[in-house]
């Protein structure tokens with residue numbers, strides 16, 4: 749009579765194969781998760797860099813001189829300058845731009861509705877007011893900052909240093925630093941540097 753012997757050699761090989769397949773599946777899932785996280789991090793880094801570049805560079809630039817008008821022999825009554833888009837700059841909604849005039853002693857902030865503006869098209873042709881208040885390529889806008897309703901221009905006397913900061917809603921602010929003329933006559937215009 750023959751005895752049946754238990755031989756588990758093949759079963760051990762099958763267990764080893766199942767464990768090996770489980771390791772491969774776990775490694776595949778782990779690598780998929782790691783690749784997905786890497787692609788997500790790369791996309792976020794790219795978005796952050798693009799946003800940073802857009803906000804670090806100003807889309808506005810000064811076009812021409814800054815002209816001030818004296819309201820008396822002791823102070824300025826109006827600051828005027830032309831703005832245009834910087835090379836490669838995107839269109840700017842001027843209704844979202846603020847203007848801050850500051851001296852060593854005083855500061856006043858104006859919204860777009862509190863200033864006077866005149867629009868110019870390509871070639872310097874005056875077009876009056878903008879149809880959509882968007883500053884586009886080949887357009888310029890003349891900004892006049894003066895006393896408006898409850899806001900008064902900060903006191904800027906002869907030889908006083910003042911700064912006009914033009915702040916668009918997106919992008920860097922454009923600082924305009926100037927010094928008032930040493931001698932002022934009422935209602936005279938002066939180019940300042």
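Numbering (my numbering), first residue to last: 749 to 941.
Every residue gets a Cβ at the ideal spot worked out from N, C-alpha and C, and that includes glycine.
Residue burial classification, residue 827 (beta-carbon count within 10 angstroms, cutoff 16): Working through the chain shown from its first residue, we reach residue 827 at position 79. Its Cβ being crowded by 16 or more others within 10 Å, residue 827 is buried.
Outcome for residue 925 when other beta-carbon atoms lying within 10 angstroms are tallied against a minimum of 16: Translated into the one-based positions of the chain shown, residue 925 becomes position 177. Exposed, since its Cβ has fewer than 16 Cβ neighbours within 10 Å.
Within 8 Å, strictly: CB atoms of residue 831 and residue 808: As a first step, residue 831 must be located in the chain shown, where it is residue number 83. As a first step, residue 808 must be located in the chain shown, where it is residue number 60. Contact: yes.
Extent of the continuous beta strand (DSSP E) run through residue 914: Mapped onto the chain shown, residue 914 falls at position 166. Run containing residue 914: 909-915, per the beta strand (DSSP E) assignment.
Pair within 8 Å by beta-carbon distance, residue 860 and residue 845: Residue 860 sits at position 112 when you count from the first residue of the chain shown. Residue 845 sits at position 97 when you count from the first residue of the chain shown. Yes, these two residues count as a Cβ contact at 8 Å.
Outcome for residue 889 when other beta-carbon atoms lying within 10 angstroms are tallied against a minimum of 16: As a working mapping, residue 889 is identified with position 141 in the chain shown. Burial call: buried.
Residues bridged to residue 850 (per DSSP): As a first step, residue 850 must be located in the chain shown, where it is residue number 102. In the DSSP output, where bridge partners are listed per residue, residue 850 has 855 and 911.
Spatial neighbours of residue 928 in its chain, beta-carbon cut-off 7 Å, leaving aside the 5 residues before and after: As a working note, residue 928 is residue 180 in the chain shown. Contacts found: 816, 824, 904, 905, 906, 907, 908, 910 and 940.
Span of the beta strand (DSSP E) around residue 938: Numbered from its first residue, the chain shown carries residue 938 at position 190. Here the beta strand (DSSP E) through residue 938 covers 937-940.
Which residues DSSP lists as bridging residue 933, in chain order: As a first step, residue 933 is located in the chain shown; it is residue number 185 there, counting from the start. DSSP lists no partner for residue 933.
Coil, strand or helix - residue 838 by DSSP: The count along the chain shown starts at 1 and reaches residue 838 at position 90. If DSSP states are grouped into helix, strand and coil, residue 838 belongs with coil.
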